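Undergrad: I'd like to ask some things about the structure below.
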Amino acid sequence: MKSHNELFSIIDTRIVVEEIIQQVKSVNAGAVTVFIGTVRELTNGKRTLYLEYQAYESMALKKLTEIGEEIKRKWPATNVAITHRIGKLEISDIAVVIAVSSPHRREAYEANEYAIERIKEIVPIWKKEFWDDGSKWIGNQLQTNSYE
Amino acid sequence: MIKILLFAGLQEEIGADSLMMDCTECTVLEVKKYVLTKFPLVDLQQVITAVNEEFSQEEDKVISGDVVAFLPPVSGG
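Just so you know, the sequences run in chain order A and B. So the first sequence is numbered by the UniProt record's numbering: it starts at 1 and just counts up by one. So the second sequence is numbered by the UniProt record's numbering: it starts at 1 and just counts up by one.
Shown next, in the form of structure tokens:
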């Protein structure tokens, strides 16, 4: 597992939000936006008991790093750090944290939203939902499009 | 030999996280066909592929030693 010192990481333990924020802190920053993705209990009325995330870890890290590079090109004054957790997660657990700092808030907001959208597009990470009556890998079937 | 990596639902359907394919030079499409021949019931329609950790097209070449990953639609975040 990757060390917390790296700006882009995949870990199988609890994410400490403050650590991700520290990674983007800068004297030039006037704003830090933090996105915290958490495990939701109800999806379209269906109760999730817990989730399991799996990653193609080496490629996922590469893609997270690429997203960081894309952000640097689009918003040069920003600093970005992203940590995604894998393994078993309970309801309300933190699955992903994206921190972006920038001199002004607009860039920090925009870059942060860009990061989560890109994660959902290009980072090879999958989640499996476990319910009372079964389980399913999300994203595998068309039904899951309505989960977005 | 080519190493094929499987993830998420595909990994469970096939019952393995990787497969080996004997070929010196072939295309991504041929790798897909190989898997479909061995496991006719799996659905690769929505699966995208990556060769050595980069997204690939069906016509892309793979050579012995390459790693071809079969990626179901992602659902991270």
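Backbone N, C-alpha and C fix where the C-beta goes; we use that ideal spot for every residue, glycine too. The model shown is predicted, which means the values in this text are computed figures rather than measured ones.
Please check if any C-beta of chain B sits within less than 8 Å of the C-beta of Met1 of chain A.
TA: The sequence position of residue 1 of chain A within the first sequence is 1, counting from 1. Because the pLDDT of Met1 of chain A is 45, which lies under 50, any placement of that residue in the model is unreliable, and the question is left without a value.
Undergrad: Would you kindly work out how many angstroms separate the C-alpha atoms of Lys120 of chain A and Thr37 of chain B, rounded to a whole number?
TA: On the first sequence, position 120 is the one that residue 120 of chain A refers to. On the second sequence, position 37 is the one that residue 37 of chain B refers to. Spanning the two alpha carbons is a distance of roughly 31 Å.
Undergrad: Whose Cβ in chain A lies nearer than 8 Å to the Cβ of Val74 of chain B?
TA: If you number the second sequence from 1, residue 74 of chain B lands on position 74. Under the 8 Å cutoff, chain A gives Lys120, Glu121, Ile122, Val123, Pro124, Ile125, Trp126, Gly139.
Undergrad: Within 7 Å: the Cβ of Asn112 of chain A and any heavy atom of the ligand GTP?
TA: The ligand GTP is not among the ligands present in this structure, which contains no ligands whatsoever.
Undergrad: Looking at the C-beta of His84 of chain A, does it have a partner C-beta in chain B at a distance below 8 Å?
TA: As a first step, residue 84 of chain A is located in the first sequence; it is residue number 84 there, counting from the start. So, interface residue.
Undergrad: Under 8 Å between C-beta atoms, does Gly37 of chain A make it to chain B?
TA: On the first sequence, residue 37 of chain A is found 37 positions in, with the first residue counted as 1. Yes, because at least one Cβ of chain B sits closer than 8 Å to the Cβ of Gly37 of chain A.
Undergrad: For Leu10 of chain B, I'd like the list of residues in its chain whose CB is within less than 7 Å of its CB, leaving aside the five on either flank, ordered along the chain.
TA: Locating residue 10 of chain B in the second sequence gives position 10, where the first residue counts as 1. Excluding sequence neighbours, Leu10 of chain B sits near Val42, Val47, Phe70, Pro72.
Undergrad: Is there a C-beta anywhere in chain A that falls below 8 Å from the one on Phe7 of chain B?
TA: Walking along the second sequence from the start, residue 7 of chain B turns up at place 7. Yes - at least one Cβ of chain A is within 8 Å of the one on Phe7 of chain B.
Undergrad: Just the Cα atoms here: how many angstroms apart are Ile63 of chain B and Tyr56 of chain A?
TA: What you label residue 63 of chain B is simply residue 63 of the second sequence in a count that begins at 1. What you label residue 56 of chain A is simply residue 56 of the first sequence in a count that begins at 1. So the two alpha carbons sit approximately 21 Å from each other.
Undergrad: Just how far apart, CA to CA, sit Lys136 of chain A and Pro103 of chain A?
TA: Stepping through the first sequence from its first residue, residue 136 of chain A is reached at position 136. Stepping through the first sequence from its first residue, residue 103 of chain A is reached at position 103. Rounded to the nearest angstrom, the two C-alpha atoms are 43 Å apart.
Undergrad: Apart from the five residues just before and just after Thr38 of chain A, which ones in its own chain have a Cβ nearer than 7 Å to its Cβ?
TA: Sequence index remark: in the first sequence, residue 38 of chain A carries index 38 (1-based). Excluding sequence neighbours, Thr38 of chain A sits near Ser92, Asp93, Ile94, Ala95.
Undergrad: Three Cβ pairs or more, each shorter than 8 Å: is that satisfied between the region 105-114 of chain A and the region 39-59 of chain A?
TA: The region 105-114 of chain A vs the region 39-59 of chain A: no contact.
Undergrad: Going along chain D, which residues have a C-beta under 9 Å from Ser58 of chain A?
TA: Reference to chain D is not applicable here, since the protein chains of this structure are A and B.
Undergrad: Give the residues of chain B in contact with Ile11 of chain A, contact being defined as C-beta atoms less than 8 Å apart.
TA: Taking the first sequence and counting its residues from 1, one reaches residue 11 of chain A at position 11. Result: empty, since nearest Cβ-Cβ is about 13 Å, beyond 8 Å.
Undergrad: Output, in chain order, the set of chain A residues within a Cβ distance shorter than 9 Å of Ala69 of chain B.
TA: Here the question's residue 69 of chain B lines up with position 69 in the second sequence. Tyr56, Met59, Pro124, listed in chain order.
Undergrad: What residue from B:Val74, B:Gly76, B:Ser56, B:Gly77 has the CA that sits closest to Val67 of chain B's CA?
TA: What you label residue 67 of chain B is simply residue 67 of the second sequence in a count that begins at 1. The shortest Cα separation from Val67 of chain B among B:Val74, B:Gly76, B:Ser56, B:Gly77 belongs to B:Ser56.
Undergrad: Hey, how far is the Cα of Ile125 of chain A from the Cα of Lys63 of chain A?
TA: Within the first sequence, numbered from 1, the residue matching residue 125 of chain A stands at position 125. Within the first sequence, numbered from 1, the residue matching residue 63 of chain A stands at position 63. Cα-Cα distance, rounded: 11 Å.
Undergrad: To the nearest angstrom, report how far apart Thr13 of chain A and Ile86 of chain A are at their CA atoms.
TA: For the purposes of this step, residue 13 of chain A is taken as residue 13 along the first sequence, with counting starting at 1. For the purposes of this step, residue 86 of chain A is taken as residue 86 along the first sequence, with counting starting at 1. The alpha-carbon atoms of Thr13 of chain A and Ile86 of chain A are separated by roughly 8 Å.
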